[in-house]
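Here is the structure we will look at.
Residue numbers (this note's numbering): 495 to 764.
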C-alpha cells in the first residue's frame with residue numbers, strides 16, 4: 495500500500511505545484527476514487543499498464559497497489575517528474591517517460607499485452623482515444639476518464655443526440671461502456687463540467703487499417719452535414735449510388751445509421 499506516503503495535496507504543496515490550464519489539467523486527489531477506477535480497469539494479472547498524464551500521481555498510487563506488472567507513466571509536464579519519482583520504490587516496476595503521449599510509440603514502452611488507464615487531460619482526450627483505437631499498437635483494454643459529454647459521445651447509439659463520428663469509429667473497433675460518473679467537485683481545480691470513466695475492450699476482429707481509413711472518410715462526410723440526407727452529405731463520395739451499393743436508404747440521415755451500416759458504406763467506397 496502507499497498509505498505511508500504524504501497526502502497528494504501535501505505533496506503538491508511541498509513541490510509548489512498547481513494545475514496548468516494550458517495542459518487541460520484537473521487533478522483527482524481522492525485515493526478512494528482512484529482505487530475504484532483501478533478496480534474497474536482490472537484485474538491486470540501482472541500485465542503492464544500505461545498511464546498518460548499522471549500529474550501528482552493519484553491514479554499512479556492506486557495502480558502501484560494493484561496486480562499490475564510494470565507501470566509506465568507518460569507525463570508531458572516536466573514539473574511533475576521529480577514528484578512522480580518519489581513513488582519509485584527501486585523495484586524496477588515504475589518507469590517514468592517525459593513525453594507527449596500523442597507522439598509516443600507505446601510498443602517501445604512495454605512488452606506484450608498492456609492496459610491503458612488514465613485520467614486524460616481534457617484538451618487531448620479525443621485524439622488520444624482515436625490514436626489508441628486506430629493506430630498500429632492495440633492495448634488489451636482501456637479505462638479512461640473524459641469530460642462527461644465526450645464519454646457520452648463515445649458510447650452513444652444511433653438516434654441519440656450524442657451519436658456521431660466518435661461513436662462509430664470507437665464502436666467499429668471496441669466495446670465501450672461508461673462505468674463511473676464523477677462530479678466536477680471531485681477534481682482540483684474543479685472543471686466546469688462533470689466527468690465519466692469509460693471502459694473499452696478492443697474487438698477480437700477489428701477492421702483492417704485501409705478499411706478504417708475509408709470509415710473515417712465516410713463518417714467525416716456524413717456527420718459533417720448530419721442534418722442532410724446521405725445522398726447529399728455523401729455526394730462527393732458517390733451519393734445515392736454509394737448508399738445503394740451499401741444497402742443504405744439514400745434519404746436516411748447519418749444519425750440513424752448503425753456502425754454496421756457505416757462499415758458497409760466504407761466497403762462500398764472501394
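For each residue, glycine too, the CB sits at the ideal point set by N, CA and C.
Bear in mind the structure is a predicted one, so any value in this text is a computation, not a measurement.
* Asked: Hey, residue 525 and residue 555 are a contact pair by Cβ (cut 8 Å); roughly how many whole angstroms apart?
  -> Within the chain shown, the letter at position 31 stands for residue 525. Within the chain shown, the letter at position 61 stands for residue 555. Yes, they are in contact, since the Cβ atoms of residue 525 and residue 555 sit about 6 Å apart, within 8 Å.
Out of 716, 689, 673 and 718, which has the shortest C-alpha to C-alpha gap to residue 534?
-> Counting from one through the chain shown, the residue named residue 534 turns up at place 40. Comparing Cα-Cα distances from residue 534 to each of 716, 689, 673 and 718, the minimum goes to 673.
C-beta atoms of residue 541 and residue 608 nearer than 8 Å: For this step, residue 541 is matched to residue 47 along the chain shown. For this step, residue 608 is matched to residue 114 along the chain shown. Yes, Cβ-Cβ distance for residue 541 and residue 608 is below 8 Å.
**Q.** CB of residue 638 within 8 Å of CB of residue 627, strictly
**A.** Here residue 638 refers to the residue found at position 144 of the chain shown. Here residue 627 refers to the residue found at position 133 of the chain shown. The answer is no: Cβ separation not under 8 Å.
request  = Could I get the ranges of all uninterrupted alpha helix (DSSP H) runs contained in the stretch 626-678, with 4 residues as the minimum, in chain order?
outcome  = Within the stretch 626-678, complete alpha helix (DSSP H) segments of at least 4 residues are found at 642-649 and 659-667, given in chain order.
- Three-state secondary structure assigned by DSSP to residue 747: On the chain shown, residue 747 is found 253 positions in, with the first residue counted as 1. Looking at residue 747 - three-state DSSP - the assignment turns out to be strand.
task = Please specify which runs of the alpha helix (DSSP H), each continuous and at least 4 residues long, are wholly inside the stretch 667-732, giving them in chain order.
result = Runs of alpha helix (DSSP H) with 4 or more residues, each lying fully within the stretch 667-732, are found at 703-718 and 724-727, listed in chain order.
(Q) If you reduce the DSSP assignment to three classes, tell me which class residue 588 lands in. (A) Within the chain shown, residue 588 is the residue found at index 94, counting from 1. Residue 588 falls in the strand class under three-state DSSP.
Original post:
Is the beta carbon of residue 677 less than 8 Å from the beta carbon of residue 690?
Top reply: Here the question's residue 677 lines up with position 183 in the chain shown. Here the question's residue 690 lines up with position 196 in the chain shown. The answer is no: Cβ separation not under 8 Å.
Three-state secondary structure assigned by DSSP to residue 509:
One-based indexing of the chain shown puts residue 509 at position 15. Of the three classes helix, strand and coil, the one that applies to residue 509 here is helix, per DSSP.
In whole angstroms, give me the CA-to-CA distance for residue 596 and residue 621. On the chain shown, residue 596 is found 102 positions in, with the first residue counted as 1. On the chain shown, residue 621 is found 127 positions in, with the first residue counted as 1. Residue 621 has its alpha-carbon roughly 8 Å from the corresponding atom of residue 596.
What's the gap between the Cα of residue 501 and the Cα of residue 764? Residue mapping note: residue 501 aligns to position 7 of the chain shown, counting from 1. Residue mapping note: residue 764 aligns to position 270 of the chain shown, counting from 1. Going from the Cα of residue 501 to the Cα of residue 764 covers about 57 Å.
Original post:
Since residue 608 is in the beta strand (DSSP E), which residue starts that stretch and which ends it?
Top reply: Translated into positions along the chain shown, residue 608 becomes position 114. Per DSSP, residue 608 belongs to the beta strand (DSSP E) from 608-613.
Q | Among 573, 615 and 738, nearest to residue 644 - alpha-carbon criterion | A | In the chain shown, counting from the first residue as 1, residue 644 sits at position 150. Residue 644 has its Cα closest to that of 615, out of 573, 615 and 738.
Review point. Any idea what DSSP makes of residue 542, helix, strand or coil?
Key: Here residue 542 refers to the residue found at position 48 of the chain shown. DSSP places residue 542 in the strand class (E or B) of the three-state scheme.
Going by CA-CA distance only, name the one from 566, 576, 588 and 510 that's closest to residue 598. Taking the first residue of the chain shown as 1, we reach residue 598 at position 104. Looking at 566, 576, 588 and 510, the one whose alpha-carbon comes closest to that of residue 598 is 566.
Specify the secondary structure class of residue 568 as computed by DSSP and reduced to three states.
Numbered from its first residue, the chain shown carries residue 568 at position 74. In the structure shown, residue 568 falls within a strand segment according to DSSP collapsed to helix, strand and coil.
So what's residue 522 in DSSP terms, helix, strand or just coil?
-> In the chain shown, residue 522 corresponds to position 28, counting from 1. Of the three classes helix, strand and coil, the one that applies to residue 522 here is strand, per DSSP.
Q.
Using 8 Å as the threshold, is the C-beta distance between residue 759 and residue 712 below it?
A. Here residue 759 refers to the residue found at position 265 when the chain shown is read from its first residue. Here residue 712 refers to the residue found at position 218 when the chain shown is read from its first residue. Less than 8 Å divides the Cβ of residue 759 from the Cβ of residue 712.
**OP:** State buried or exposed for residue 557, treating a residue as buried only when at least 16 other CB atoms are found within 10 Å of its CB.
**Re:** Taking the chain shown and counting its residues from 1, one reaches residue 557 at position 63. It counts as buried.
Check your understanding: In three-state DSSP terms, what is residue 577?
Key -> One-based indexing of the chain shown puts residue 577 at position 83. DSSP places residue 577 in the helix class (H, G or I) of the three-state scheme.
In the structure shown, what three-state DSSP assignment does residue 600 receive?
Position 106 of the chain shown, counted from the first residue, corresponds to residue 600. Here residue 600 sits in helix by DSSP.
Secondary structure of residue 741, DSSP reduced to three states: As a position in the chain shown, residue 741 is number 247, starting the count at 1. Coil at residue 741, not helix or strand.
For this session: Using alpha carbons as the reference points, say which of 664, 718 and 723 lies closest to residue 701.
Result: In the chain shown, counting from the first residue as 1, residue 701 sits at position 207. For residue 701, the closest alpha carbon among the candidates 664, 718 and 723 is that of 664.
Please tell me whether residue 767 and residue 694 are closer than 8 Å, where the distance is taken between their beta carbons.
Past the edges of the chain, shown from 495 to 764, lies residue 767, and the structure says nothing about it.
### Message
Under DSSP, the alpha helix (DSSP H) around residue 553 begins and ends at which residues?
### Response
Within the chain shown, the letter at position 59 stands for residue 553. First-last of the alpha helix (DSSP H) with residue 553: 552-559.
Less than 8 Å separating the beta-carbons of residue 749 and residue 657? For the purposes of this step, residue 749 is identified with residue 255 of the chain shown, where counting begins at 1. For the purposes of this step, residue 657 is identified with residue 163 of the chain shown, where counting begins at 1. Yes. Within cutoff.
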